[in-house]
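Engineer: Protein chains in written order, with the working numbering: chain A, 1 to 142; chain B, 1 to 142; chain C, 1 to 142. Glycine residues also receive a C-beta, built at the ideal position from the N, C-alpha and C atoms. None of the values given here were measured: they were computed from a predicted structure. First the structure, then my questions, so here it is.
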């Protein structure tokens, strides 16, 4: 009988620990948002950087993880000659991650020397966005 | 022994009630779609309003909840001088919610007097889209 | 007592089989990505076709299902006179699905004779994207 209760307890625990309730609790703890930047328009790049400020103000800086993934036509936001270099640096200082897509860099023959300092790199921008979605991050198209 | 069965029954019920099956049943009942409008292009605003008609035709007017969130460069769709004022009014009459982002309004020094009548307001457009995604709404970038 | 263990075993099995772990296992088996194309810009159409190549390279051609849904302002990508006809044919040969939205075709008085060969058709582009999201596909805005 004791063994039976032990099994029950284990089972109940695994339900509670791995079920939707647990997932909800985790995501309530900290917001996580991945933002896609894939257009060549500077006003859209600017807007994505506004999003960093807005989200930090909304949730509190320590309660939200923000990752901007620049790929395709959006890669220019993170290039060395980006018109938004100062704002990019500010977003990094605020704790947001800005990730450049290495597939895009390869297509455009860009190396890390061509990019802004302190940014991050991901093997494939699309793959990163897909991975984040599957990890439960909210997805925002820039 | 009776108590044991009671525990088992409770456990089984909680699995059935909170599991993926329950989530699916809820979402099958009524489609819920949140549409982001964050570009300054009128043709994209127009398209978002087309989406309202299309979704209501597809699912039946009473079987779908639609919320358009206008933020950033998209806020103009809901301003008093919007070139789409008539279509916005029509979408509201159809039962769609059109929500203006108050963060954007603050940045652009807009008050409710500057906006179209009968629209809704959300504290933060991004926050609303994220909230809807977490509630299981489908997300469409306008 | 034996019956009790049988109930326990059934319960444990149903938890393991229908829970998040199972969902993860399924999605790990094959990536599934739906891409929305709804802007009139050729550079964005081109980019969506790049995505097909990138995703197949990233995951391996047999490990990813890709569906591009062209609707609204994006329908031109799949019209007979599309500037990207050759690239569309190549994407089809690679195994991607390219779906034209019949709601959009109706609005623009287009018939299948006006469209590129071998593409697919969906009753409603938005409905297809929503359906895919609910089936667990990753969503990318083009």
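Just the Cα atoms here: how many angstroms apart are residue 134 of chain C and residue 138 of chain B?
Structural biologist: Residue 134 of chain C and residue 138 of chain B: Cα-Cα distance of roughly 8 Å.
Engineer: For residue 57 of chain A and residue 66 of chain B, what's the separation of their Cα atoms in angstroms?
Structural biologist: If I take the Cα positions, the gap works out to 27 Å.
Engineer: Return no unless some Cβ of chain C is closer than 8 Å to the Cβ of residue 141 of chain B.
Structural biologist: Closer than 8 Å: yes.
Engineer: Counting only the same chain and skipping the five closest in sequence on each side, list residues whose C-beta sits under 8 Å from that of residue 87 of chain A.
Structural biologist: Within the same chain, residue 87 of chain A has close Cβ partners 46, 49.
Engineer: How would you write the range of the alpha helix (DSSP H) that residue 53 of chain C sits in, first residue to last?
Structural biologist: Unbroken alpha helix (DSSP H) run through residue 53 of chain C: 42–59.
Engineer: Compare the Cα-Cα distances from residue 73 of chain B to each of A:72, A:68, A:41 and report the closest residue.
Structural biologist: Of the listed residues, the one whose Cα sits closest to residue 73 of chain B is A:41.
Engineer: Nearest CA to the CA of residue 98 of chain A: which residue from A:109, A:108, A:107, A:84?
Structural biologist: Closest option to residue 98 of chain A, Cα to Cα, is A:84.
Engineer: Starting from residue 140 of chain B, trace the beta strand (DSSP E) in both directions and tell me its first and last residue.
Structural biologist: From DSSP, the beta strand (DSSP E) with residue 140 of chain B extends over 138–141.
Engineer: What does residue 79 of chain C touch in chain B if you count any residue whose Cβ is under 9 Å from its own?
Structural biologist: What residue 79 of chain C touches in chain B: nothing, since even the nearest Cβ is about 17 Å away.
Engineer: Does DSSP put residue 98 of chain C in a helix, in a strand, or in coil?
Structural biologist: Residue state, collapsed to three classes: strand.
Engineer: Please list the residues of the stretch 47–63 of chain C that have a C-beta atom closer than 7 Å to any C-beta atom in chain A, keeping them in chain order.
Structural biologist: Of all residues in the stretch 47–63 of chain C, 47, 50, 51, 54, 55, 58 have a Cβ within less than 7 Å of some Cβ in chain A.
Engineer: Just mark residue 132 of chain C as buried or exposed, buried being the case when its beta carbon has 16 or more other beta carbons within 10 Å.
Structural biologist: Burial call: buried.
Engineer: Here's the rule: buried if 16 or more other CB atoms are within 10 angstroms of the residue's CB, otherwise exposed. What is residue 79 of chain C?
Structural biologist: So residue 79 of chain C ends up on the buried side.
Engineer: Which class does residue 25 of chain A belong to by DSSP, given the choice of helix, strand or coil?
Structural biologist: Residue confidence for residue 25 of chain A is low, a pLDDT of 45 falling below 50, so the modelled location carries little weight and cannot support an answer.
Engineer: Answer with buried or exposed for residue 127 of chain B, where buried requires no fewer than 16 other C-beta atoms within 10 angstroms of its C-beta.
Structural biologist: Per the 10 Å Cβ criterion, buried.
Engineer: Is it true that the CB of residue 102 of chain B sits closer than 8 Å to the CB of residue 70 of chain B?
Structural biologist: Contact: no.
Engineer: Per DSSP, what are the beta-bridge partners of residue 34 of chain A in this structure?
Structural biologist: Answer by DSSP bridge pairing, in chain order: A:67, A:139.
Engineer: Under a Cβ-count criterion, where at least 16 other Cβ atoms within 10 Å of its own Cβ denotes burial, should residue 26 of chain B be classed as buried or exposed?
Structural biologist: Annotation note: pLDDT 48 at residue 26 of chain B (below 50); position unreliable, coordinate value reported separately. With fewer than 16 other Cβ atoms within 10 Å, it is exposed.
Engineer: Between B:29, B:75, B:30, which lies nearest to residue 38 of chain B when the distance is taken from Cα to Cα?
Structural biologist: For residue 38 of chain B, the nearest C-alpha among the options comes from B:75.
Engineer: Counting only Cβ-Cβ distances shorter than 8 Å, please list the residues of the stretch 109–136 of chain B near chain A, keeping chain order.
Structural biologist: Result list: 123, 124, 126, 127, 129, 130, 133, 134.
Engineer: Does the Cβ-Cβ distance between residue 30 of chain A and residue 63 of chain A come in under 8 Å?
Structural biologist: Yes; because the gap between Cβ atoms is below 8 Å, this pair is in contact.
Engineer: Looking at the C-beta of residue 33 of chain A, does it have a partner C-beta in chain B at a distance below 8 Å?
Structural biologist: Residue 33 of chain A counts as touching chain B.
Engineer: Looking only at its chain, what residues have a beta carbon closer than 7 Å to the beta carbon of residue 114 of chain B, apart from the 5 residues adjacent to it on each side?
Structural biologist: Here the set comprises 79, 80.
Engineer: From which residue to which residue does the beta strand (DSSP E) around residue 146 of chain C run?
Structural biologist: Since the first and last residues shown for chain C are 1 and 142, residue 146 of chain C lies out of range.
Engineer: Using only the alpha-carbon positions, how far apart do residue 23 of chain C and residue 129 of chain A sit?
Structural biologist: Summary for residue 23 of chain C: the model assigns pLDDT 43, below 50, so the residue's position carries little reliability; its value from the coordinates is reported in the next sentence. About 19 Å.
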